[in-house]
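What follows is a single structure, written as structure tokens, with notes after it.
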Amino acid sequence: MSDAVVIEGLHKSFGKLEVLRGIDLALTEHEVVCLIGSSGSGKSTLLRCINLLEPIDEGRIVVEGEDITEPGVDVNRVRRGIGLVFQAFNLFPHMNVLRNVTLGPREVLGRSRADAEAAAVELLRRFGLADKAGDYPDRLSGGQQQRVAIVRALAMQPDLMLLDEVTSALDPELVGEVLEVIRELASTGMTMLITTHEMAFARDIADRVCFLEEGRILEEGTPAQIFTAPREERTRQFLDRILQAGQRL
Amino acid sequence: MLALGLAILRSLPGPVFFPIRAIAIVYTDLFRGIPTILVITLLGLGAPALGLSWVPKSTTFWGIVALVLVYTAYVSEVYRAGIESVHPSQEAAARSLGLSRLKTLRFVIFPQAVRRVLPPLLNDFIGLQKDTALVGILGAVEAFQQSQIDQAASFNFTSGVCAAILFLAVTVPLTRLTDWLIARDRRRRQAAGVMA
Numbered sequence: 231m232s233d234a235v236v237i238e239g240l241h242k243s244f245g246k247l248e249v250l251r252g253i254d255l256a257l258t259e260h261e262v263v264c265l266i267g268s269s270g271s272g273k274s275t276l277l278r279c280i281n282l283l284e285p286i287d288e289g290r291i292v293v294e295g296e297d298i299t300e301p302g303v304d305v306n307r308v309r310r311g312i313g314l315v316f317q318a319f320n321l322f323p324h325m326n327v328l329r330n331v332t333l334g335p336r337e338v339l340g341r342s343r344a345d346a347e348a349a350a351v352e353l354l355r356r357f358g359l360a361d362k363a364g365d366y367p368d369r370l371s372g373g374q375q376q377r378v379a380i381v382r383a384l385a386m387q388p389d390l391m392l393l394d395e396v397t398s399a400l401d402p403e404l405v406g407e408v409l410e411v412i413r414e415l416a417s418t419g420m421t422m423l424i425t426t427h428e429m430a431f432a433r434d435i436a437d438r439v440c441f442l443e444e445g446r447i448l449e450e451g452t453p454a455q456i457f458t459a460p461r462e463e464r465t466r467q468f469l470d471r472i473l474q475a476g477q478r479l
Numbered sequence: 024m025l026a027l028g029l030a031i032l033r034s035l036p037g038p039v040f041f042p043i044r045a046i047a048i049v050y051t052d053l054f055r056g057i058p059t060i061l062v063i064t065l066l067g068l069g070a071p072a073l074g075l076s077w078v079p080k081s082t083t084f085w086g087i088v089a090l091v092l093v094y095t096a097y098v099s100e101v102y103r104a105g106i107e108s109v110h111p112s113q114e115a116a117a118r119s120l121g122l123s124r125l126k127t128l129r130f131v132i133f134p135q136a137v138r139r140v141l142p143p144l145l146n147d148f149i150g151l152q153k154d155t156a157l158v159g160i161l162g163a164v165e166a167f168q169q170s171q172i173d174q175a176a177s178f179n180f181t182s183g184v185c186a187a188i189l190f191l192a193v194t195v196p197l198t199r200l201t202d203w204l205i206a207r208d209r210r211r212r213q214a215a216g217v218m219a
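Shown next, in the form of structure tokens:
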């Protein structure tokens, strides 16, 4: 299998604060990798760097064989192939669901309105949102909004999906419907890099789990190994804290 | 429209655009800082007095130019406030789809910004409409000037009242129109979906 993403020696600082201190990570195609770690460990920043929303200081990121961190790379073209879903949904509040989903295909991929809308309706139907096409985002529940955000990213037919804490802003009873969508995506073979606080979900869906601590990948392995027999003391402490907070594995 | 251009110039990021940003800032400082009436007299009486053959002599022309210059400065600041009030995550979302900076501005940032600044925008528009009275000092005949002429001729202030009514006849419907636009937008957003 070929590598979908290769990250080498990635460093990123915000002013004096070094958030990422040398990340090395590779995803093969169709692989689902979960990033876990406490807040501020650099998980979200890593995803934003891969989407080129944050310029990196050192290292390189190779997507589908192309170094996307080279100067002169067309960032808009790179982003087309990478779907990013945010913790806070970030739907466009002045557009209805259908327009949210079709904006990218129409304005970036140059699809006709009819084509884009047909594809969008099909995607919305697949994720149980067909009856919401005409609604504006503030009429939807958090879970529905996040599912629309996922559909919006999927409408660009990306090769890679980055999911950033997509359930963290949701009421507990709405988490399930969003996780269900991600499971469905994984079953279609989508390559995904997911940051999450839902350990049970990570164990269930991930091919590989990486534990981030202070801007480095401290430990990585299969879910079974990380969650039942972590090698690193810090990983164990982190998991203990999560378990004490009431989550089950 | 000019004001929008100016606001966009000012929001350009990065050191490359510093000269353009600087020009935009100086422009705004200048034309907001000088009293409108001074700009009008400087241009309206000064420009024709230069005696250059290619400079238009029409006071109406210079009056309009002066008002456009001044209000471009005001309105650009309103737009800028609107653009900056849209949360950066909106831009991140649009860019993450692969939209260019310009398309992000056009489809995502700007429509939200305009909705928010519609009332202050109308404020400036009414101000502009009323300030046309100032052009009268150049001798260009607008409503206020005309009423003064009539007053002087008839010793009757009815013409002044007429001028006031004329101004109101333009501004009041505009205000109602803006209110209606805002209300319609709110209704549309809250209405349940009609499609599907």
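Here the protein sequences come in this chain order: P and C.
Numbering of the first sequence is given in this note's numbering, commencing with residue 231 and proceeding in unit increments.
Numbering of the second sequence is given in this note's numbering, commencing with residue 24 and proceeding in unit increments.
Yeah, the Cβ is synthetic: ideal placement off N, Cα and C, and Gly gets one too.
Cβ closer than 8 angstroms: which chain C residues qualify as neighbours of residue i?
i	result
GLU337 (chain P)	LEU122, LYS126, PHE130
GLY334 (chain P)	LEU120, GLY121, LEU122
Decide if residue i is buried, meaning its Cβ has at least 16 other Cβ atoms within 10 Å, or exposed.
i	result
LEU409 (chain P)	buried
ILE280 (chain P)	buried
LEU255 (chain P)	buried
GLY302 (chain P)	exposed
SER274 (chain P)	buried
ASP470 (chain P)	exposed
ILE48 (chain C)	exposed
PHE133 (chain C)	buried
LYS362 (chain P)	buried
GLY37 (chain C)	At GLY37 (chain C), the pLDDT of 47 sits below 50, so the modelled position is not reliable; the number obtained from the coordinates is stated separately. Looking at its Cβ environment, which holds fewer than 16 other Cβ atoms inside 10 Å, GLY37 (chain C) is exposed.
ASP52 (chain C)	exposed
PRO367 (chain P)	buried
THR458 (chain P)	exposed
PRO388 (chain P)	buried
ARG103 (chain C)	buried
Listing by chain order, which chain C residues have their CB less than 7 angstroms from the CB of residue i?
i	result
GLY202 (chain P)	No information on residue 202 (chain P) is available, as it lies outside the stretch 231 to 479 that chain P covers here.
For residue i, return the contacting residues in chain P, with the cut-off set at a CB-CB distance below 7 angstroms.
i	result
ARG103 (chain C)	Those within 7 angstroms of ARG103 (chain C) in chain P number zero; the least Cβ separation is about 19 angstroms.
SER119 (chain C)	ASN281, LEU283, ARG309, LEU314
SER112 (chain C)	PHE316, ALA318, ASN320
ALA187 (chain C)	The premise fails here: ALA187 (chain C) is roughly 38 angstroms from chain P at the closest Cβ pair, so nothing lies under 7 angstroms.
Below 7 angstroms CB to CB, which residues in the same chain sit around residue i once its five sequence neighbours on both sides are set aside?
i	result
GLY216 (chain C)	Reliability fails at GLY216 (chain C), whose pLDDT of 43 lies under 50, so the model's placement of it is uncertain and the value that follows must be treated cautiously. Counting only Cβ-Cβ distances below 7 angstroms, and skipping sequence neighbours, we find nothing.
ARG413 (chain P)	ILE435
SER371 (chain P)	LEU404
ILE472 (chain P)	MET429
LYS80 (chain C)	PRO71
VAL439 (chain P)	CYS264, ILE266, ALA432, GLU450, GLY451, PRO453, ILE456
ARG336 (chain P)	ARG343, ALA346
ASP222 (chain C)	Residue numbering for chain C in the displayed model covers 24 to 219; residue 222 (chain C) lies beyond these limits and cannot be assessed.
GLN396 (chain P)	It should be noted that the sequence gives Val, not Gln, for residue 396 (chain P). If we look at VAL396 (chain P) and ignore the five residues flanking it on each side, its Cβ neighbours are VAL315, GLN317, GLN376, VAL408.
ASP401 (chain P)	GLY372
ARG278 (chain P)	GLU284
VAL461 (chain P)	According to the sequence provided, residue 461 (chain P) is Arg. The question's Val does not apply to it. So the list reads GLU449, once near-sequence residues are dropped.
GLY56 (chain C)	none
ARG138 (chain C)	ASP208
Show which residues of chain P have a CB atom less than 8 angstroms away from the CB atom of residue i.
i	result
PRO71 (chain C)	Residues of chain P passing the Cβ test: none, with the nearest at roughly 46 angstroms.
ARG138 (chain C)	HIS324
Report all residues from its chain with a CB closer than 6 angstroms to the CB of residue i; omit the five preceding and five following residues, and keep chain order.
i	result
LEU393 (chain P)	VAL315, ILE424
VAL331 (chain P)	ALA350, VAL381, ARG382, ALA385
GLY272 (chain P)	VAL249, LEU250, LEU442, GLY445
ILE298 (chain P)	ILE291, VAL308
GLN300 (chain C)	The shown model of chain C, from 24 to 219, leaves out residue 300 (chain C), and the question about it has no answer.
Can you name, in chain order, every residue of its own chain whose Cβ lies under 8 angstroms from the Cβ of residue i, other than the five neighbours on each side?
i	result
ARG210 (chain C)	none
GLU248 (chain P)	HIS241, LYS242, GLY445
MET218 (chain C)	Low confidence applies here, because MET218 (chain C) scores a pLDDT of 38, under 50, leaving its location unreliable; read the following figure in that light. Within the same chain, MET218 (chain C) has no close Cβ partners at all.
VAL62 (chain C)	PHE54, ALA89, LEU92, VAL93
Cβ closer than 9 angstroms: which chain P residues qualify as neighbours of residue i?
i	result
ALA176 (chain C)	Ordered by position in chain P, no residue passes the 9 angstroms Cβ test against ALA176 (chain C), which lies about 54 angstroms from the chain.
ALA206 (chain C)	The contacting residues do not exist; ALA206 (chain C) stays about 15 angstroms from chain P at best.
ALA47 (chain C)	Simply none; closest approach about 25 angstroms.
ALA89 (chain C)	Simply none; closest approach about 35 angstroms.
If I'm right that residue i touches residue j with Cβ under 8 angstroms, what's the distance once you round it to whole angstroms?
i	j	result
LEU257 (chain P)	LEU250 (chain P)	Wrong, their Cβ atoms sit about 17 angstroms apart, outside the cutoff.
ALA117 (chain C)	VAL131 (chain C)	4 angstroms
TYR94 (chain C)	LEU151 (chain C)	5 angstroms
MET391 (chain P)	LEU415 (chain P)	7 angstroms
PRO143 (chain C)	VAL101 (chain C)	5 angstroms
LEU276 (chain P)	ILE253 (chain P)	6 angstroms
VAL378 (chain P)	VAL411 (chain P)	So it is not a contact: roughly 10 angstroms between Cβ atoms.
Whose Cβ in chain C lies nearer than 9 angstroms to the Cβ of residue i?
i	result
MET386 (chain P)	LEU120, GLY121
I want to see whether chain A comes within less than 7 angstroms of residue i, judged by CB atoms only; does it?
i	result
ALA192 (chain C)	Looking at the structure shown, chain A is missing, and the protein chains on hand are P and C.
- Message: Using 8 angstroms as the cut-off, can you tell me whether the stretch 297-315 of chain P makes contact with the stretch 340-359 of chain P, which would need three or more C-beta pairs spanning the two stretches below that distance?
- Response: no
- Would you check if the stretch 261-277 of chain P and the stretch 346-360 of chain P touch, i.e. whether three or more CB-CB distances between them fall below 8 angstroms? no
- Query: Can we say the stretch 375-392 of chain P touches the stretch 318-332 of chain P, given the rule of at least three CB pairs closer than 8 angstroms?
  - Reply: With the rule of 3 Cβ pairs closer than 8 angstroms, the stretch 375-392 of chain P counts as touching the stretch 318-332 of chain P.
- Message: I'd like to know if the stretch 459-472 of chain P and the stretch 437-444 of chain P are in contact, where contact means that at least 3 CB-CB pairs between them fall below 8 angstroms.
- Response: yes
- Query: Per the contact definition of three or more C-beta pairs closer than 8 angstroms, is the stretch 110-127 of chain C in contact with the stretch 85-97 of chain C?
  - Reply: no
- Message: Tell me whether the stretch 290-305 of chain P and the stretch 234-244 of chain P touch, counting them as touching only if at least three CB pairs, one residue from each stretch, are closer than 8 angstroms.
- Response: Verdict: yes, contact present.
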